[in-house]
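The block underneath contains the structure these notes are about, expressed in structure tokens.
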Amino acid sequence: MPHNTPPMDASLTPSELDTWEVELKLIAQHNPITAFQQFILPRFEGNYELRQATLKNQYFDTPEQLLRLHKMGLRVRSSNDQHEQTLKQKGQVIGGLHQRPEYNVDIATANVDIRLFPDDIWPSDFVLSDIQDSLKALFTTHFHRTTYVLDDQQGNVFEVVFDIGDVATDKEQRPINEIELELKKGHPAALFALALELAEHCDVRVNDLTKAAFGYALANGKNIKTKPLPYILPLQRHSSTEEAFLAATQSALAHWQYHQSVYMETFKLAALTEMVRAIRLLLQAFSLYLPVLQCAELLQLHKALISFAQKWDWQNEIQAIRYLRSRKGPFNKRLTREQALMGYLQGRKEGMLNMQAPTELIFSTESTQIQLKTAALMFTKPWQGVAKAYDARVLEHAHGWLSQGWQTVLQALPGKRLSVTQYLSAEPVLRQVLRNGYMLAGLFDEDREGFRAPWIDLALGLEELNALVLLEEVLAQTDLDDKHDLQKWTQDKIAALLHVMEMTRKVALGADTYW
274 MPHNTPPMDA
284 SLTPSELDTW
294 EVELKLIAQH
304 NPITAFQQFI
314 LPRFEGNYEL
324 RQATLKNQYF
334 DTPEQLLRLH
344 KMGLRVRSSN
354 DQHEQTLKQK
364 GQVIGGLHQR
374 PEYNVDIATA
384 NVDIRLFPDD
394 IWPSDFVLSD
404 IQDSLKALFT
414 THFHRTTYVL
424 DDQQGNVFEV
434 VFDIGDVATD
444 KEQRPINEIE
454 LELKKGHPAA
464 LFALALELAE
474 HCDVRVNDLT
484 KAAFGYALAN
494 GKNIKTKPLP
504 YILPLQRHSS
514 TEEAFLAATQ
524 SALAHWQYHQ
534 SVYMETFKLA
544 ALTEMVRAIR
554 LLLQAFSLYL
564 PVLQCAELLQ
574 LHKALISFAQ
584 KWDWQNEIQA
594 IRYLRSRKGP
604 FNKRLTREQA
614 LMGYLQGRKE
624 GMLNMQAPTE
634 LIFSTESTQI
644 QLKTAALMFT
654 KPWQGVAKAY
664 DARVLEHAHG
674 WLSQGWQTVL
684 QALPGKRLSV
694 TQYLSAEPVL
704 RQVLRNGYML
714 AGLFDEDREG
724 FRAPWIDLAL
734 GLEELNALVL
744 LEEVLAQTDL
754 DDKHDLQKWT
764 QDKIAALLHV
774 MEMTRKVALG
784 ADTYW
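Numbered by the numbering used here, the letters in the sequence shown go through residues 274 to 788 in order.
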């Protein structure tokens with residue numbers, strides 16, 4: 274059975290799809306079946322078949338969760354006294370399209386037996402008899418499944434699956450309201466087209482986490498946590514422009530989709546911050562590569578993402594409030610004593626969240642379609658038909674891009690001493706250039722660290738400065754008991770911070786470029 278990834282820019286045969294599961298996962302905000310039946314099915318050109326079942330699933334692992342450590346998922350699925358055990362192995366997720374090896378074996382009872390799977394699919398150091406003896410049930414996923422098998426006139430065959438139920442352990446549970454669009458035969462581009470049509474009529478978001486991922490989080494008693502972006506995007510010096518663009522796009526899109534899932538599970542604002550960071554990184558990737566990969570599809574996506582990213586600008590103030598209220602932040606000792614101020618900031622934050630409705634933005638058609646179209650773009654690569662330099666080494670462009678960004682920063686942050694207003698005005702330019710550095714610095718050696726580090730420190734200083742400027746505005750608008758003392762404290766903090774930022778800026782301006 275194949276272990277390599279099948280080509281995703283070509284039609285997949287039934288034999289390839291027997292082993293490889295290729296599917297898009299969506300999470301619905303409301304019941305999507307009615308909308309599907311009313312708007313999608315009547316316009317579908319082809320045949321379809323309806324199936325319904327109630328499925329009970331148990332997931333198994335060893336006490337130390339050995340299978341999870343090896344990116345495997347093991348379950349037994351039962352329905353109407355029929356049982357099937359399934360092993361899913363590590364695959365890849367690109368833009369929400371899940372692609373991974375899957376092995377299924379019919380069994381007589383609901384008792385799992387991993388020795389029934391092919392011998393050659395396991396790591397060489399696995400002792401199957403020992404693992405079999407130590408397996409235990411960790412969690413269940415029980416749900417009602419409504420499946421439409423669609424056979425279109427172009428020869429594509431899909432399964433559109435609606436699952437409604439819950440993931441549960443002995444102590445906790447969470448709801449399941451998912452849609453899975455699985456390609457049984459044909460081209461992945463057709464799967465994206467169907468998903469885009471579904472997103473027009475249903476409140477859905479792309480989901481890059483499996484039911485098993487949610488189940489393990491419940492079983493371990495832990496929330497799904499935020500993850501920072503890597504320090505730089507890994508690239509090879511011989512990477513083509515297309516390869517570098519795809520790497521940057523995948524990095525940003527995966528970060529976006531993961532953290533929108535984290536936010537919807539936890540409602541932690543740190544996840545929202547990471548999600549918006551990813552949206553802005555994706556926008557910068559489009560802006561950077563569009564002049565080379567000139568195609569209408571990328572241009573349209575770029576315009577759509579500019580508009581969508583602007584709808585998250587309010588998140589900058591949320592981040593500043595989080596900074597002021599953080600128990601781990603630099604202002605904790607002074608500000609946490611001010612209960613009236615903390616209460617005001619909390620109320621301001623909650624009011625902004627209620628007004629801006631991040632959940633509605635996450636489930637919006639605009640958000641979902643941008644993500645799906647971006648993922649489809651990565652597979653169809655429409656620039657190959659119109660652009661000429663997509664296969665040139667990205668290094669040929671990187672020197673010019675980085676030098677141009679450097680000159681822009683020098684103009685925005687010249688040698689003279691800068692005021693608060695000048696620093697805040699220069700922030701968008703600095704962040705754009707740092708994003709370019711994230712996407713391109715991997716082409717160069719370790720000399721990049723000495724150059725990037727002080728600029729990153731300066732960007733961190735700008736986060737603190739934004740928080741203090743917001744505090745100044747709040748103090749001017751409110752009537753607190755020791756308002757004047759707090760205003761003096763804030764002014765002193767800003768002055769001290771500016772002094773440190775000035776020293777950091779001088780170090781940054783004196784560093785040698787790495788390209």
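Glycine residues also receive a C-beta, built at the ideal position from the N, C-alpha and C atoms.
Discussion item. Can you tell me whether Ile591 is buried or exposed? The criterion is at least 16 other CB atoms within 10 Å of its CB, across all chains shown.
Written reply: buried
Worksheet item: Using the beta-carbon count (16 or more within 10 Å), is Gly624 buried or exposed?
Response: exposed
Worksheet item: Any idea if Leu571 is buried or exposed, counting beta-carbon neighbours within 10 angstroms, 16 or more meaning buried?
Response: buried
Practice prompt. Give the secondary structure of Gln365 by DSSP, where H, G and I count as helix, E and B as strand, and everything else as coil.
Written response: strand
Discussion item. With a threshold of 8 Å on Cβ separation, who are the neighbours of Ile306 within its own chain once the five nearest residues in sequence on each side are excluded?
Written reply: Thr419, Phe435
Practice prompt. Spatial neighbours of Ile594 within its chain, please: CB distance less than 6 Å, with the 5 preceding and 5 following residues excluded, ordered by chain position.
Written response: Leu618, Lys622
Item to complete: Tell me whether Leu299 sits in a helix, a strand or coil according to DSSP, three-state version.
Response: strand
Discussion item. Distance check for Asn627 and Gln446, CA to CA, integer angstroms please.
Written reply: 26 Å
Practice prompt. Could you check if Phe540 is buried or exposed, using at least 16 other CB atoms within 10 Å of its CB as the buried criterion?
Written response: exposed
Fill in: Contact check, Arg598 vs Arg704, beta carbons under 9 Å
no
Discussion item. Residues in the same chain with beta-carbon distance under 6 Å from Glu639, minus the five sequence neighbours each way, listed in chain order, please.
Written reply: Phe581
Practice prompt. May I ask which residues mark the beginning and end of the alpha helix (DSSP H) holding Ala326?
Written response: No alpha helix (DSSP H) holds Ala326; the beta strand (DSSP E) holding it covers 319-334.
Worksheet entry | Terminal residues of the alpha helix (DSSP H) in which Pro631 lies | 631-635
Practice prompt. Measure the C-alpha to C-alpha separation of Gln657 and Val430 and round it to an integer number of angstroms.
Written response: 27 Å
Worksheet item: Does the beta-carbon of Gly369 have 16 or more other beta-carbons within 10 angstroms, so that it is buried, or is it exposed?
Response: buried
Fill in: Nonlocal neighbours in the same chain, by C-beta distance under 7 Å from Leu668, ignoring five residues either side
Arg510, Leu716
Item to complete: With DSSP collapsed to three states, give me the class of Lys444.
Response: coil
Worksheet item: What number of angstroms, rounded off, separates the C-alpha of Glu722 from the C-alpha of Pro701?
Response: 22 Å
Fill in: Ile380, enclosing beta strand (DSSP E) - first and last residue
370-380
Practice prompt. Could you tell me if Asn480 is buried or exposed, where buried requires 16 or more neighbouring beta carbons within 10 angstroms of its beta carbon?
Written response: buried
Worksheet item: Between which two residues does the beta strand (DSSP E) containing Val349 stretch?
Response: 346-352
Practice prompt. Determine which residues share a DSSP beta bridge with Leu482 and list them.
Written response: Answer is none; Leu482 lacks a bridge partner.
Fill in: Cα-Cα separation, Met615 to Thr609
7 Å
Practice prompt. Quickly, what does DSSP pair Thr414 with across the bridge? List them, please.
Written response: Asn330, Val440
Worksheet item: Taking His417 as the reference, which of Leu408, Gln427, Asn450, Trp395 has the closest Cα?
Response: Asn450
Practice prompt. Mark Thr786 as exposed unless 16 or more other C-beta atoms lie within 10 angstroms of its C-beta, in which case mark it buried.
Written response: exposed
Discussion item. What residue range does the alpha helix (DSSP H) around Tyr787 cover?
Written reply: No alpha helix (DSSP H) holds Tyr787; DSSP gives it neither H nor E.
Practice prompt. Could you tell me the boundaries of the alpha helix (DSSP H) in which Ile394 lies?
Written response: Per DSSP, Ile394 belongs to no alpha helix (DSSP H) and is neither H nor E.
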